[in-house]
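Once you know that position 293 of the sequence shown is 330 in our numbering, the rest is easy, because the numbers rise by one and skip nothing.
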Amino acid sequence: MAHNQESLAQTSVTKFKDQDFNSLRDRCLSRGRLFKDETFPAMDSSIGQKLLQGKNLTSLEWKRPQVMVPPHFILEGASRFDIQQGTAGDCWFLAALGSLTQNPQCLQKILMDQSFSHQYAGIFRFRFWQCGQWVEGVGGARLPVMGNVCLFVGPRKDNQEFWPCLLEKAYAKLLGSYSHLHYGYLPDALVDLTGGVVTSVNLHSLPSELVMAVKIAAKTGSLMTCATPKGPMDGAQTMENGLVCQHAYTVTAAEQIQYKRGWEEIIRLWNPWGNTEWRGRWRDGSREWQETQDQRKNQLYEDKEDGEFCSEKKNKRLEQKEDLGRAEELRYLVCPSRNEQFQQFGERLPPEFFSPFRNAAQGLDHETKRNFTKSLHLSPGTYVVVPSARREEAEFFLRIFLKVPDSSRNLNSNFNLRALKVGAQQGVDVIPMFLLCLQQGLDIDATQLQSLLNQEFLTGPPGDTFSLDECRSIVALMDLKVNGRLDHEEFARLWMRLVHCQHVFQSIQHSGVLLSSDLQKAIENTGIFISSELLGLMMLRYSDNTGRVSFPSLVCFLIRLEAMAKTFRNLSMDGKGLYLTEMENWRKENEEVLPPYLQAQVHL
Numbered sequence: 038m039a040h041n042q043e044s045l046a047q048t049s050v051t052k053f054k055d056q057d058f059n060s061l062r063d064r065c066l067s068r069g070r071l072f073k074d075e076t077f078p079a080m081d082s083s084i085g086q087k088l089l090q091g092k093n094l095t096s097l098e099w100k101r102p103q104v105m106v107p108p109h110f111i112l113e114g115a116s117r118f119d120i121q122q123g124t125a126g127d128c129w130f131l132a133a134l135g136s137l138t139q140n141p142q143c144l145q146k147i148l149m150d151q152s153f154s155h156q157y158a159g160i161f162r163f164r165f166w167q168c169g170q171w172v173e174g175v176g177g178a179r180l181p182v183m184g185n186v187c188l189f190v191g192p193r194k195d196n197q198e199f200w201p202c203l204l205e206k207a208y209a210k211l212l213g214s215y216s217h218l219h220y221g222y223l224p225d226a227l228v229d230l231t232g233g234v235v236t237s238v239n240l241h242s243l244p245s246e247l248v249m250a251v252k253i254a255a256k257t258g259s260l261m262t263c264a265t266p267k268g269p270m271d272g273a274q275t276m277e278n279g280l281v282c283q284h285a286y287t288v289t290a291a292e293q294i295q296y297k298r299g300w301e302e303i304i305r306l307w308n309p310w311g312n313t314e315w316r317g318r319w320r321d322g323s324r325e326w327q328e329t330q331d332q333r334k335n336q337l338y339e340d341k342e343d344g345e346f347c348s349e350k351k352n353k354r355l356e357q358k359e360d361l362g363r364a365e366e367l368r369y370l371v372c373p374s375r376n377e378q379f380q381q382f383g384e385r386l387p388p389e390f391f392s393p394f395r396n397a398a399q400g401l402d403h404e405t406k407r408n409f410t411k412s413l414h415l416s417p418g419t420y421v422v423v424p425s426a427r428r429e430e431a432e433f434f435l436r437i438f439l440k441v442p443d444s445s446r447n448l449n450s451n452f453n454l455r456a457l458k459v460g461a462q463q464g465v466d467v468i469p470m471f472l473l474c475l476q477q478g479l480d481i482d483a484t485q486l487q488s489l490l491n492q493e494f495l496t497g498p499p500g501d502t503f504s505l506d507e508c509r510s511i512v513a514l515m516d517l518k519v520n521g522r523l524d525h526e527e528f529a530r531l532w533m534r535l536v537h538c539q540h541v542f543q544s545i546q547h548s549g550v551l552l553s554s555d556l557q558k559a560i561e562n563t564g565i566f567i568s569s570e571l572l573g574l575m576m577l578r579y580s581d582n583t584g585r586v587s588f589p590s591l592v593c594f595l596i597r598l599e600a601m602a603k604t605f606r607n608l609s610m611d612g613k614g615l616y617l618t619e620m621e622n623w624r625k626e627n628e629e630v631l632p633p634y635l636q637a638q639v640h641l
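Written out as structure tokens, the structure reads:
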């Protein structure tokens with residue numbers, strides 16, 4: 038995954054109900070018996086009366102998979118099409134599970150390597166995220182069936198894979214019974230399956246770039262689901278357009294597809310029922326799919342009753358009629374890179390502690406959901422987060438994720454400037470490129486440098502080019518002879534810095550732009566450390582009014598910062614204070630502090 042999620046092997050795992058999988062399996066193998074789970078027995082109590090009402094309990098049995106069919110745990114990889122919802126209303130869990138199948142690495146962490154053949158003892162194990170830690174629960178292989186058909190999630194007839202059935206049973210055990218799976222919240226399932234952070238987008242305030250947002254989220258490894266609102270009556274009713282009220286779907290793709298003389302935006306969804314699909318434009322077998330000549334057609338579309346379908350994304354400004362039955366909310370989950378540090382705080386804060394301070398985040402309502410996520414944009418400072426429950430005491434698990442690393446925490450007001458690290462390749466011959474720029478004489482001026490840099494290092498939008506003033510500034514900083522021009526030795530030193538700046542820029546920016554908030558990371562990559570106050574000034578100086586930092590601005594910033602570091606070091610070498618030196622000494626000192634490989638370039 039793109040977020041370097043922490044390996045489970047390095048994370049402590051708690052045994053649910055103190056049941057150790059290896060011990061229980063080995064005991065069963067040594068005795069020649071299949072496992073029976075006394076903590077989640079094959080009885081009506083494990084199902085719950087809510088799901089048994091109106092059913093003929095005399096036909097209810099608990100059977101092992103091999104009694105019904107030749108079973109497989111996973112056959113040729115796990116897929117969302119292995120899942121088929123049963124009588125429990127757990128689409129919220131199965132839609133989240135369907136999204137997880139699109140990330141095999143994350144799915145494998147909760148399924149692990151298991152089978153019905155190697156060391157099979159009728160026991161399986163799965164892992165779920167609970168309150169800041171992974172919990173491993175074990176379960177027996179016996180499943181509730183009626184008429185030899187699984188009462189809840191069952192295997193598809195064409196593959197007989199039982200991993201979804203056994204995982205559903207383990208999750209029911211974790212929650213208390215199958216009845217606790219009957220209706221739930223998508224965020225709870227997404228968090229329990231991954232340990233990530235859930236963000237919701239209300240589609241009533243539909244973002245204009247929804248398809249692009251979905252594509253970006255998918256590219257970064259996010260898992261996405263969506264839900265439809267409640268219908269005129271309770272329960273899941275199929276609307277005229279084919280969507281089901283009060284139902285959860287997995288978002289599997291979003292694209293702009295070429296159709297006739299224009300482009301149309303479509304979103305692909307998967308229904309955990311395994312059937313009941315969209316009946317509008319771009320449905321399976323529709324005229325739109327037959328007429329489009331888009332080359333991605335075969336990647337997005339297959340005319341098959343498998344619960345997956347494509348739906349058009351209409352412009353809300355043109356759609357004035359009641360939109361009942363459309364997806365109401367998009368949820369996506371991000372598993373960020375984690376360096377988790379957990380602490381328990383026992384200090385009590387009296388009411389008078391809060392009186393001098395203002396509330397930094399207004400309008401936070403009490404939520405009835407188990408997992409609640411709130412995104413905030415806060416100014417640098419110290420904050421107290423106070424979770425609370427309305428009219429009752431409760432315990433909370435609080436996690437704080439920062440979009441920008443909180444590296445400023447380790448900074449102080451003292452300067453700690455070091456020479457810029459240069460990461461250019463060794464042995465690059467820049468002399469031919471330098472000679473191409475020469476017009477007269479053996480050196481180049483700012484105008485010639487501008488032409489060369491815009492040709493070799495142009496990046497981003499057309500407006501992000503090196504200006505003449507920026508090139509004059511670069512020449513002034515790199516010109517040791519103080520003649521307003523660069524000879525081939527000075528140009529070689531500059532070129533190595535430019536290549537390094539390009540590497541820094543490309544390694545940090547992921548969406549085509551470098552934000553001012555990324556300057557700290559750019560500085561760290563160069564080996565220079567500055568105070569938070571100076572960093573704030575640099576953000577204002579080198580970013581535009583939208584917070585973007587262009588590549589030319591980054592070059593000027595890093596080269597100027599290196600010059601500041603050298604100046605500071607030269608003017609305070611004896612520790613007695615800052616003072617000015619003669620120009621000849623400055624030039625000599627400036628060369629002496631260069632790294633050896635740069636000195637070799639200077640003394641060609």
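Each residue gets a CB set at the ideal place from its N, CA and C atoms; glycine is no exception. Remember, it's a predicted structure, so these values are computed and weren't measured experimentally.
- DSSP places G213 outside both helix and strand once states are collapsed to three, so it counts as coil.
- Going by C-alpha positions, C347 is about 16 Å away from M276.
- Per DSSP, reduced to three states, the secondary structure at S49 is coil, with no helix or strand assignment.
- When the alpha-carbon of R68 is set against those of A158, A226, P102, the nearest one is in A158.
- S488 and R585 have their C-alpha atoms some 23 Å from each other.
- Counting C-beta atoms within 10 angstroms of its own C-beta, E389 has fewer than 16 neighbours from the protein chains shown and is therefore classed as exposed.
- Burial state of S216 is buried, judged by a 10 Å Cβ sphere holding 16 or more other Cβ atoms.
- With distances taken between CA atoms, F542 lies nearest to S590 out of G272, A513, S590, L71.
- Annotated as distal: L439 and P424, with beta-carbon spacing of 8 Å or more.
- V234 and T410 have their C-alpha atoms spaced approximately 7 Å apart.
- Here T262 really is in contact with A285; their C-beta atoms are around 6 Å apart, less than 8 Å.
- In this structure F588 touches F494 by the C-beta definition: roughly 7 Å separates them, less than 8 Å.
- Residue pairing by DSSP places F165 opposite V172 in a beta bridge.
- By the Cβ-count criterion, G123 is buried, with 16 or more other Cβ atoms from all chains shown falling within 10 Å of its own Cβ.
- Ranked by how close their Cα comes to the Cα of W310, the residues L131, S96, A600 have L131 in first place.
- In the structure shown, Q293 falls within a strand segment according to DSSP collapsed to helix, strand and coil.
- With contacts defined as CB atoms closer than 8 Å, C202 and G213 fail to qualify as a contacting pair.
- In this structure F153 touches P102 by the C-beta definition: roughly 7 Å separates them, less than 8 Å.
- Comparing alpha-carbon positions, the option among C128, G114, V50 lying closest to D225 turns out to be C128.
- Each residue's CA atom was taken as its position, placing D229 and L204 some 12 Å apart.
- Inter-residue distance for V519 and S510 is about 12 Å (C-alpha atoms, whole angstroms).
- For R578, the enclosing alpha helix (DSSP H) covers residues 569-579.
- Where T262 is concerned, the enclosing beta strand (DSSP E) starts and stops at 260-264.
- Assignment of K100 by DSSP, reduced to helix, strand and coil, places it in the strand class.
- Taking the Cα of M533 as reference, the smallest distance to any Cα among G521, M576, R522, M515 is reached at M515.
- In the three-state reduction of the DSSP assignment, A285 falls in the strand class.
- Just so you know, the alpha carbons of I120 and E113 end up roughly 14 Å apart.
- Note on the stretch 59-120: whole alpha helix (DSSP H) runs with a minimum of 4 residues are 86-89, 102-105, in chain order.
- Residue L598 holds the alpha-carbon nearest to the alpha-carbon of C538 among T257, I481, L598, M576.
- Residue pairing by DSSP puts G299 in a beta bridge opposite Y296.
- Closest option to A529, judged by alpha-carbon separation, among D480, D81, F503, V175: D480.
- Listed in chain order, the alpha helix (DSSP H) runs fully inside the stretch 501-561 are 505-515, 525-545, counting runs of at least 4 residues.
- In this structure the stretch 294-301 does not touch the stretch 253-273; the number of beta carbon pairs closer than 8 Å is below three.
- Secondary structure of E328 (DSSP, three-state): helix.
- Assigned with DSSP and collapsed to three states, T405 falls in coil, not helix or strand.
- Distance between I560 and A250, taken at the CA atoms: about 30 Å.
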